[in-house]
Every structure is written in C-alpha cells, then in structure tokens.
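Worksheet for the structure shown next.
Protein chains in written order, with the UniProt record's numbering: chain R, 1 to 454; chain V, 1 to 176.
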C-alpha cells in the first residue's frame, strides 16, 4: 500500500497497510498499560492532589490566599487562564482550519490536538471560576439569569460576560467535533473486541456501521463544523483580548490586541502540540504516523506565528510612542526597563528570538531541538501574558498605590493543579481512546500517490 | 419494522476498484442495499446515486434560530425588562450584542446539525447496528446486496456480477 510521490514526502511511512493502521492504533487501547504510562499517570495524579490542597485552601479561605493586592487585582489567575485557552487554540486550528485548506497532514495529529484543546479549556475555566471566590454561586452568576434572583440581569456590555459565552461555546463545539470524529474509530475497536470492552465501545460508537450514506453525512457534518469552528476559534481569543482591550488601562487599551492574541494563541498551542506529540509518538511507537514531515510543518507554523507575535510587540511599542500619550509611553518603557524587566526580556527571548532558530532546516528537523524549543515557546507565552497583565497594573494611576505582585504558595499550587489535571486527562485519553484518527489516516493512505490515483 | 435478512456480500480491497464495481453492478440491474467502508471514500456517494446531504441547510436554519434567540434574549434583558444606563451607553447597544449573538449562532448551528445527523443516521448509544462483515471497520469495503429486493435476478447471477466487478470474496450473510 505504501506509495511514493516524487513531489511530496509521504505522510505515512513504513509501508503501512489499512490493517496495520488499525493494529498500530488499536493496540494501545487493547493492550495492558505500560510501565511508562502508569508512572506518568501516578505523577500526574500526584501533582493533581498536591495542587488540590491549594484549590481547597482558595475555596475555603477565599482568594485572599493569592498574592493579589488592591493595585494588582489580576495576576497569575488570568495569566494562567489566557495561557491555557491559548494552548487550546492549536487543536481547533489543526482540525478545522487545516480541514478547510485540505491539508492532509492534519489527519494523524488532529485527534490528540483536539483532545488537548478540550483539556486545556477545562484547565483554563478553573481560574475564572475560582476567582469568583464562591464558585458554587458562580455557576449561576455567570449565566443570563436575574442576578441573585432579584430583578437585575447580567450585563451584556461586558467583555467578561462575552467570555463566558465564548469559552463555553468553544468548549461544547470542540467536544462535539472531537466526538463525531471518534465515533467511527470506536466502531473499529468495538468490532475487534469481545466481552465488556465490546459493550463499552459499542455504546461509545453509537451503533456506527460505516454505511456509505452515513459517511456522506459525516463528511458534510465535519466540513460544516470546521467552517463554524474556524470563526469560532478566532472569536474566542478575540473576546479574551477584549477583556483587556476594552478597558482604559495604559498598556491594555490597544486595538492590536485581537489579532495579536490570536497569533499568540496559535503559536503557543502548536508548541504544546509538539511537546505532547513528540512524547506520544515515542511512547506509543507511532513514528510512522507522526513523522518528521508533521514536525517540520508544525515548526513552520511556529515560525510564522512567532514572527507575527514579534511584529506585534514592536508595533505596540511604536504606537505607544507615536500616540503621544504620556501614560501609554510610560507603560511600555516601564515594561521593558522597569522592575519587571526580567519578565519582559524573558518573553522577548523566548517568543521572538528562539522561534527564529527554526529557519535552519537542521534545527526544525531535529527532535531534540524541537522539543526544547516547544517548551521555551510555552514559557515565553506565559511570560507574555504575565507582562501584559501585571506590568500594566502595578504602576497604578496614583504613585501612592504603586505595588509589586508576589505569588503565594496558593498561586503556585492552583497552577500546579491544572497541570496535574491536564496531564491526567491526556494520559487517560491516550490509553483508552484511539490517539490517531484511524479512519482519516486510512483515507489518505492511498491518495499521496499519482500512480494509483487517477 | 420488517427487515430483510438474506444478503449477498461482495468484499473489495481497494477503494477505486470498489467505485468502478458499484457502477458495474448498478449497470447490470442489481440493486445495491448499501456499501460499508472503513473510511470515507470520496465519490462513492456519487456512483451510488445518493442525493446530496441537506445537513448544511439544517445547520443554517439552526444558526438563524440561534441569532434570533440571542438578539431577543439580550434585548429583552437589557432594554425591556430592566433598562439601565451602563457606561453612558444606549439601552440597546447592538454592537455590544454581536459577540454573544455570534457565539449562540455557532452553538445552535453546531448542536442542531449534529442532532439532526444523529437522528437521520440512527446513531445512539444503545444502537445495535447490523454488521455485515467485521472487517468493514478495519480494511475491507463491503457491498451488501439484498436478495429479496433483487428477486427477479438469480442468486448465482448476482454472485457472478460481483465476482466479475473485482470483488476479492463473495459471501452469503443471513441475520436472525
């Protein structure tokens, strides 16, 4: 079945047949958990439990547990929120935007990337919910209900409310998109299984039989969902950026925020996809499906989005000067040379300089460099949000209110908790769900050949 | 519902052979019950003569419903039930309603379309599909011919048509 094209490198290597695809992916689900996986799960659950202490303390005592003060009222919580939401964006970009552009290389990474999206959004949602102080009430504070069951309604002029709608729609639509893609693969596992596993995967597969008519509808649904998810993903980070851009704080009040946030989100998301995929392909021996071609293409996306982010940083600085607004100019000078200079220059190094290394083919086709740089990019993107949020707030309008932000153990703990949650969910997904979209990989197995295809 | 129970199956290894075979089998007058494939085969629906899916229309209608509901909700809450001046803005600041309206449009369009897809394709967690051949979710394409629906053609003749169209196997399948 393996075919070679003189123009493009094959997307699946190793001479795989349709049967091999089924076998290679389904064996992870069917086999006994490996030591590495169990170890990973144990560490993740350990981190989750450790972090839970901080979550419990925050809920019990209130958000006074965090390092916030009256000047810096938003810090790690919103930084982590934006960071996790941004990471999620790559999953939708891979599954929806690349589907619209008919990029076949998406097929072997879209499943795991979308899972990453869903788990990242869950982690992100932790922060605004905890920041409400009384999360059990937050469940209805954020909904379009009369406030405290009196006669006032939620405020639809507020970007924070738009965010509630954006994030929850994004989560629901991503979940549905992901699940629709999983149904045929669950059917494949069902048809190989016996006993209790057959019953479970039978229920998960929704009675899928692979009829041509159902596939036709499936393709139609996928295309429309991709068409809907593309503007959706752009709207989500646009609205996240509105949380800042619609305020009057110098350093936040800029019109460049929506495109700049979207580019940054895709940038950090692809870095996280690379981090996860490089480990997954190694542990699950999927090197024939997630090949150097995939890694290189993702690195190219990182160069492009990283450069957009770099240009945005410089543009912001230029506009601050060009605007002639003293407060705006001060905010940017303070960012680069004030007490948080180290955060600013960490961001600049990690996000602007390091991805430029991918211009060298040797570096972007090296697993070690790619893995290291993917971590660097995510560190840089965390600093970006920290810089935007904390440096803009800590120099208040009155110099008597100027302050610094110092995280407490609870800030660190809640962040750790989300890491534990993310990796626990991802490991469970990787073991019990097919990590590669078998049906879609099979559909591109043949088409990279010009000999067989008419 | 009375369901037919006796089928002849043509098993195919290759998607292009399958597409040619569908045309050949239909030209010979044999009615195809359905073709089961492990992955979406592009162009198969055309040779089978299926009408284009109307799911995009469903998505559009649900999306319009979402737009209308979102705008109505926001106007009723902000402008009718308890009008307030917020930041000196109008009671009905339509530009401010765009984000939520957009999100609800996408939400209803997606969920509505997926719901219609589930119902029209009979997909449900307790669904018990009729699997003609277990390999049809792995690596084989299975063409099912309903014997009762092709009563005018002899069974041996149907098998011959399948065989000559490139099937790697021709089997009988009966359900309880």
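All C-beta atoms, glycine included, are put in the ideal place defined by N, C-alpha and C.
Residue from the options with nearest C-alpha to residue i
{"i": "residue 350 of chain R", "options": "R:339, R:167, R:375, R:331", "result": "R:375"}
{"i": "residue 71 of chain V", "options": "V:89, V:57, V:93", "result": "V:93"}
{"i": "residue 174 of chain V", "options": "V:168, V:131, V:157, V:156", "result": "V:131"}
{"i": "residue 313 of chain R", "options": "R:326, R:55, R:252, R:361", "result": "R:252"}
{"i": "residue 77 of chain V", "options": "R:19, R:157, R:41, R:23", "result": "R:157"}
{"i": "residue 459 of chain R", "options": "R:283, R:234, R:274", "result": "Chain R is shown only over 1 to 454; residue 459 of chain R falls outside these bounds and no answer can be derived."}
{"i": "residue 64 of chain V", "options": "V:171, V:152, V:113", "result": "V:113"}
{"i": "residue 281 of chain R", "options": "R:269, R:295, R:195, R:268", "result": "R:295"}
{"i": "residue 179 of chain R", "options": "V:124, V:20, V:160, V:153", "result": "V:124"}
{"i": "residue 365 of chain R", "options": "R:348, R:62, R:164, R:293", "result": "R:293"}
{"i": "residue 41 of chain R", "options": "R:425, R:436, R:444", "result": "R:425"}
{"i": "residue 84 of chain R", "options": "R:245, R:256, R:236, R:348", "result": "R:236"}
{"i": "residue 255 of chain R", "options": "R:284, R:359, R:241, R:19", "result": "R:241"}
{"i": "residue 403 of chain R", "options": "R:46, R:16, R:444, R:70", "result": "R:70"}
{"i": "residue 303 of chain R", "options": "R:269, R:323, R:283", "result": "R:269"}
{"i": "residue 243 of chain R", "options": "R:406, R:167, R:51", "result": "R:167"}
{"i": "residue 457 of chain R", "options": "R:261, R:320, R:30, R:397", "result": "Outside the displayed span of chain R (1 to 454) sits residue 457 of chain R, for which this structure offers no information."}
{"i": "residue 474 of chain R", "options": "R:272, R:220, R:181, R:222", "result": "Not covered by the structure: residue 474 of chain R. The range shown for chain R is 1 to 454."}
{"i": "residue 334 of chain R", "options": "R:82, R:250, R:363, R:63", "result": "R:250"}
{"i": "residue 331 of chain R", "options": "R:59, R:395, R:51, R:68", "result": "R:395"}
Same chain only: Cβ atoms within 7 Å of residue i, ignoring 5 sequence neighbours per side
{"i": "residue 138 of chain V", "result": "38"}
{"i": "residue 147 of chain V", "result": "6, 7, 8, 155"}
{"i": "residue 107 of chain V", "result": "66"}
{"i": "residue 438 of chain R", "result": "21, 22, 25, 185, 188"}
{"i": "residue 454 of chain R", "result": "Confidence at residue 454 of chain R is low in this model, with a pLDDT of 33, below 50, so its placement is unreliable and the value that follows should be read with caution. So the list is empty, once near-sequence residues are dropped."}
{"i": "residue 230 of chain R", "result": "96, 97, 100"}
{"i": "residue 290 of chain R", "result": "108, 109, 277, 281"}
{"i": "residue 160 of chain R", "result": "243"}
{"i": "residue 89 of chain R", "result": "233, 237, 265, 266, 269"}
Opening and closing residue of the alpha helix (DSSP H) in which residue i lies
{"i": "residue 143 of chain R", "result": "Residue 143 of chain R -> no alpha helix (DSSP H), and no H or E assigned at all."}
{"i": "residue 76 of chain V", "result": "Premise fails: residue 76 of chain V is in no alpha helix (DSSP H) and is neither H nor E."}
{"i": "residue 202 of chain R", "result": "195-204"}
{"i": "residue 98 of chain V", "result": "94-120"}
{"i": "residue 364 of chain R", "result": "361-364"}
{"i": "residue 52 of chain V", "result": "Run containing residue 52 of chain V: none; DSSP gives neither H nor E here."}
{"i": "residue 375 of chain R", "result": "367-386"}
{"i": "residue 338 of chain R", "result": "Where residue 338 of chain R is concerned, there is no enclosing alpha helix (DSSP H), given that its DSSP letter is neither H nor E."}
{"i": "residue 350 of chain R", "result": "Unbroken run through residue 350 of chain R: none, as it is neither H nor E."}
{"i": "residue 413 of chain R", "result": "409-432"}
Residue span of the beta strand (DSSP E) that contains residue i, given as start and end
{"i": "residue 173 of chain V", "result": "169-174"}
{"i": "residue 10 of chain V", "result": "6-12"}
{"i": "residue 36 of chain V", "result": "34-36"}
{"i": "residue 145 of chain V", "result": "141-146"}
Interface residues of chain V facing residue i [CB-CB closer than 7 Å]
{"i": "residue 220 of chain R", "result": "53, 55, 56"}
{"i": "residue 239 of chain R", "result": "99"}
{"i": "residue 180 of chain R", "result": "114"}
{"i": "residue 169 of chain R", "result": "103, 106, 107"}
Contact list for residue i against chain V, beta-carbon separation under 9 Å
{"i": "residue 258 of chain R", "result": "Residues of chain V passing the Cβ test: none, with the nearest at roughly 11 Å."}
{"i": "residue 425 of chain R", "result": "Chain V residues near residue 425 of chain R: none, gap ~21 Å exceeds 9 Å."}
{"i": "residue 191 of chain R", "result": "131, 134, 135, 136, 137, 138"}
Contact set between residue i and chain R, taken where Cβ atoms lie within less than 7 Å
{"i": "residue 120 of chain V", "result": "217"}
{"i": "residue 128 of chain V", "result": "207"}
{"i": "residue 110 of chain V", "result": "173, 176, 225, 228"}
{"i": "residue 89 of chain V", "result": "157"}
{"i": "residue 48 of chain V", "result": "212"}
{"i": "residue 83 of chain V", "result": "In chain order: nothing, as chain R lies at least about 10 Å away."}
Closer than 8 Å at the beta carbon, the chain R residues around residue i
{"i": "residue 169 of chain V", "result": "The premise fails here: residue 169 of chain V is roughly 15 Å from chain R at the closest Cβ pair, so nothing lies under 8 Å."}
{"i": "residue 77 of chain V", "result": "144, 153, 154, 156"}
{"i": "residue 37 of chain V", "result": "210, 212, 215"}
6 Å Cβ shell around residue i - same chain, five flanking residues per side excluded
{"i": "residue 1 of chain V", "result": "Since pLDDT at residue 1 of chain V reaches only 40, below the 50 mark, its modelled position is unreliable, and the value read off the structure follows with that caveat. Here the set comprises nothing."}
{"i": "residue 327 of chain R", "result": "250"}
Same chain, Cβ closer than 8 Å to residue i, neighbours up to 5 away in sequence not counted
{"i": "residue 167 of chain V", "result": "10, 11, 12, 21, 143"}
{"i": "residue 89 of chain V", "result": "96"}
Amino acids of chain R, ordered along the chain, whose beta-carbon sits closer than 9 Å to that of residue i
{"i": "residue 20 of chain V", "result": "Ordered by position in chain R, no residue passes the 9 Å Cβ test against residue 20 of chain V, which lies about 10 Å from the chain."}
Given 8 Å as the limit, is there contact between the segment 132-139 of chain R and the segment 96-108 of chain R, that is, 3 or more CB pairs closer than that? no
Cβ contact (3+ pairs, closer than 8 Å) linking the segment 53-65 of chain R and the segment 424-433 of chain R: no
Under 8 Å, with one C-beta from each stretch per pair, do the segment 119-135 of chain V and the segment 414-421 of chain R reach the 3-pair mark? no
Can you confirm whether the segment 388-402 of chain R touches the segment 330-341 of chain R when touching is taken to mean that 3 or more C-beta pairs between the two stretches lie within less than 8 Å? yes
Segment contact, 8 Å Cβ cut-off, at least three pairs: the segment 48-63 of chain V with the segment 114-131 of chain R: no
Decide yes or no for the touch test of the segment 28-46 of chain V against the segment 200-215 of chain R: beta carbon pairs closer than 8 Å, at least 3 of them. yes
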